[in-house]
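**Student:**
There are 2 protein chains.
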Amino acid sequence: MVSYTEENYLKSLFLLSQGSGEVGVNELSQHLGIKMPTVNSMMKKLREKKLVVYEAYKPLKLTARGKKEAGLIVRKHRLTEMFLVDIMGFTWDKVHEIAEQIEHIASPEFFDRMDSMLGHPTVDPHGSPIPDKNGNLVWKQYRSLLEVTAGETVKLCAVINSSDEFLRFLNARNLQLGTKIKVVSVESFDQSMRVSYTGHSDEMLSKIVCEKLLVE
Amino acid sequence: MVSYTEENYLKSLFLLSQGSGEVGVNELSQHLGIKMPTVNSMMKKLREKKLVVYEAYKPLKLTARGKKEAGLIVRKHRLTEMFLVDIMGFTWDKVHEIAEQIEHIASPEFFDRMDSMLGHPTVDPHGSPIPDKNGNLVWKQYRSLLEVTAGETVKLCAVINSSDEFLRFLNARNLQLGTKIKVVSVESFDQSMRVSYTGHSDEMLSKIVCEKLLVE
DNA sequence: TTTATTTGTTAGATGAATCTAACTTTGTAG
DNA sequence: CTACAAAGTTAGATTCATCTAACAAATAAA
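Residue numbers (our numbering), protein chains in the order written: chain A, 77 to 292; chain B, 77 to 292.
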């Protein structure tokens, strides 16, 4: 049995591991908003449960089992976000908090139902991939908008940070997944970009914004 | 702030109060499957929070605030059951457990959305009324099938016990809300009833079953 | 009305998840 | 290569929800 709290630790560890594969206690502590000693003892507990590989002063790693558990939670989270948008009519900036709670519901049928009502989606409303039924996750290799050169036209496929604030920033500029963006020019000084897309022929995006937009 | 656990106490108290209005610690303890001393201390806590009227050795009562809080949780539970059946295609015997978890989700918009998708339903899939947005609940005054005399035809409007087992018993006999039931004869010895309805011209129902079927 | 049963309360222990304060290891900047 | 900062650990306290054991009150039965 994995508790609500333990699920949150696994999920964070899973998400933080996406790049490097190894995560520090401090990093995890920050991400969860929980103090290091608490994280420390939880890691010992999760080690006992064979969900995490933990040795003092070494970086943290999920075991295969831990990875699967965590992947399935992320699956539930992302399916829920998709459900909230596609079936219930929420906008993409309102779904995170709700999904954060629903991801802990214990009922495979409930999520299977969502999955089939949605037609087995592979990405959530922010373009993040939905892990499969074994908890496996693969990111398509998108480029960040930052890597695109002037003149190119690309399609917005995902956003990295899905905080309400950032999403509302995008809403305000009518930027949504699927939008075809043409990079008009790049300011080499601060890496801000002048872009154009349907309905917006001249929009400025800062480096901070560009690096969070994944395109292909 | 009312915790997940506290919500469950309030809800049970609310449901048990429906008839009498007053509930004993023992009764509540049984209903929640939690030992009396635990219930006892929780009552003291809920008294501090002005949700329950509690005095040693006196029966328990919800305050107006407590009644509202509890009513809103029941509202969330029943809206969820309705949503699971009408929107997600679950059968009425599969929804209780899931609703038991979803009722604790903190998101008014989520339940408002359900409510409007369902067209503001007034009863759940078992015929129990859904409290309004202020947590107020009124039961229509149905009769139990037990009170119906031979020869009468009535409509099944609600079931009292919504355990999986009982609901599957009804499924197996094709008895659902709305079914028009004709009472053919009543066995005065054990109060079992011979009834007929569409597709079932001769079905026997025990007293135990009849008293749980609410009709009009 | 005395006694027995049921119901309710108090006291004290436990486990989960959290914290702060103090200490230790690791790794990096002089 | 020391020394200092950052990261990690240990120890011990706190809060919440739960339990068992023992005691007290209320109620029902004899």
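Idealized CB from N, CA, C, for every residue including glycine.
Return no unless some Cβ of chain B is closer than 7 angstroms to the Cβ of M77(A).
**Tutor:** For M77(A), the answer is no, since every Cβ of chain B falls outside 7 angstroms of its Cβ.
**Student:** Got a sec, what are the start and stop residues for the alpha helix (DSSP H) A146(A) sits in?
**Tutor:** From DSSP, the alpha helix (DSSP H) with A146(A) extends over 140 to 162.
**Student:** Start and end of the beta strand (DSSP E) containing K231(A)?
**Tutor:** Taken as a continuous stretch (DSSP letters only), the beta strand (DSSP E) holding K231(A) covers 229 to 235.
**Student:** Rounded to a whole number of angstroms, what is the C-alpha to C-alpha distance between E176(B) and H153(B)?
**Tutor:** When rounded, the distance between both Cα atoms is 6 angstroms.
**Student:** Looking at the structure shown, is K134(A) part of a helix, part of a strand, or coil, going by DSSP?
**Tutor:** Correct three-state label for K134(A): coil.
**Student:** Does DSSP put V128(A) in a helix, a strand or coil?
**Tutor:** It is a strand residue.
**Student:** Evaluate W168(B) with the Cβ neighbour count: other Cβ atoms within 10 Å of its Cβ, from every protein chain shown; 16 or more gives buried, anything less gives exposed.
**Tutor:** Its Cβ being crowded by 16 or more others within 10 Å, W168(B) is buried.
**Student:** Anything in chain B within Cβ reach of E173(A), meaning under 8 angstroms, just list it in chain order.
**Tutor:** S183, listed in chain order.
**Student:** Would you list, in chain order, the members of the region 194 to 223 of chain A that have their beta-carbon closer than 8 angstroms to a beta-carbon of chain B?
**Tutor:** Within the region 194 to 223 of chain A, no residue has a Cβ that lies closer than 8 angstroms to any Cβ of chain B.
**Student:** Determine, for F186(A), whether the minimum Cβ-Cβ distance to residues of chain B falls below 7 angstroms.
**Tutor:** Yes, its Cβ sits closer than 7 angstroms to a Cβ of chain B.
**Student:** Find out if the Cβ-Cβ distance for the pair V271(A), I257(A) is shorter than 7 angstroms.
**Tutor:** Closer than 7 angstroms, so yes.
**Student:** Run through the DSSP bridge pairs and tell me what S220(B) is partnered with.
**Tutor:** According to DSSP, S220(B) bridges with L290(B).
**Student:** How many Å lie between E145(A) and L86(A) at the Cα?
**Tutor:** Going by the C-alpha atoms only, they are around 8 angstroms apart.
**Student:** For I178(B), which residues in chain A fall below 7 angstroms Cβ to Cβ?
**Tutor:** Chain A residues near I178(B): I181.
**Student:** So, using beta-carbon positions, are I174(A) and F166(B) closer together than 7 angstroms?
**Tutor:** Result no, Cβ atoms of I174(A) and F166(B) do not sit closer than 7 angstroms.
**Student:** Just grab the DSSP bridge partners of I206(B) for me.
**Tutor:** According to DSSP, which records beta bridges pairwise, I206(B) is partnered with nothing at all.
**Student:** Just to confirm, are V99(A) and S93(A) a CB contact at a threshold of 7 angstroms?
**Tutor:** Yes, Cβ-Cβ distance for V99(A) and S93(A) is below 7 angstroms.
**Student:** Can you pull the DSSP bridge partners for H276(A)?
**Tutor:** According to DSSP, H276(A) bridges with Y273(A).
**Student:** Whose C-alpha, out of K288(B), K216(B), M112(B), E157(B), is nearest the C-alpha of D200(B)?
**Tutor:** If we check each option's Cα against that of D200(B), E157(B) comes out closest.
**Student:** Residues of chain B with CB closer than 9 angstroms to the CB of G109(A), please, in chain order.
**Tutor:** In chain order: nothing, as chain B lies at least about 17 angstroms away.
**Student:** Please list, in chain order, the residues of the region 82 to 114 of chain B that have any C-beta partner in chain A closer than 8 angstroms.
**Tutor:** Result list empty, no residue passes.
**Student:** According to DSSP, what are the bridge partners of K258(A)?
**Tutor:** Partner(s): T229(A), S272(A).
**Student:** Please name the residues in the region 134 to 161 of chain A whose beta-carbon is closer than 9 angstroms to at least one beta-carbon of chain B, in chain order.
**Tutor:** Per Cβ criterion, the list reads L160.
**Student:** Since L136(A) and L89(A) should fall inside the 8 angstroms C-beta cutoff, what is the C-beta to C-beta distance between them, to a whole number of angstroms?
**Tutor:** Indeed, because the Cβ distance is near 6 angstroms, the residues count as touching under 8 angstroms.
**Student:** Return no unless some Cβ of chain A is closer than 7 angstroms to the Cβ of M269(B).
**Tutor:** Closer than 7 angstroms: no.
**Student:** Shorter than 7 angstroms from the beta carbon of R189(A) to some beta carbon of chain B?
**Tutor:** Yes, R189(A) lies at the interface with chain B (some Cβ there is under 7 angstroms from its Cβ).
**Student:** So M118(B) contacts chain A; which residues on that side make the cut at Cβ distance below 7 angstroms?
**Tutor:** The premise fails here: M118(B) is roughly 20 angstroms from chain A at the closest Cβ pair, so nothing lies under 7 angstroms.
**Student:** Can you tell me where the alpha helix (DSSP H) with A248(B) in it begins and where it stops?
**Tutor:** Note, A248(B): alpha helix (DSSP H), 240 to 248.
**Student:** Below 6 angstroms CB to CB, which residues in the same chain sit around M118(B) once its five sequence neighbours on both sides are set aside?
**Tutor:** Answer for M118(B): Y85, listed in chain order.
**Student:** Using three-state DSSP, classify S214(B) as helix, strand or coil.
**Tutor:** Looking at the sequence itself, residue 214(B) is Val, so the reference to Ser does not match. Correct three-state label for V214(B): coil.
**Student:** Mapping the DSSP letters down to three states, classify V171(B) as helix, strand or coil.
**Tutor:** In the structure shown, V171(B) sits in coil (DSSP, three-state: anything other than H, G, I, E or B).
**Student:** Between P205(A) and P113(A), what straight-line distance do the alpha-carbon atoms span, to the nearest angstrom?
**Tutor:** Answer to the nearest angstrom: the Cα atoms are 32 angstroms apart.
**Student:** Per the contact definition of three or more C-beta pairs closer than 8 angstroms, is the region 222 to 234 of chain B in contact with the region 246 to 256 of chain B?
**Tutor:** Yes, the region 246 to 256 of chain B touches the region 222 to 234 of chain B.
**Student:** By Cβ distance, which residues of its chain are closer than 8 angstroms to L140(A), with the 5 residues on each side in sequence left out?
**Tutor:** The sequence given here has Ala at residue 140(A), not Leu. No residues qualify anywhere along the chain.
**Student:** In or out: E179(A) buried (at least 16 other Cβ within 10 Å) or exposed?
**Tutor:** Buried, since its Cβ has 16 or more Cβ neighbours within 10 Å.
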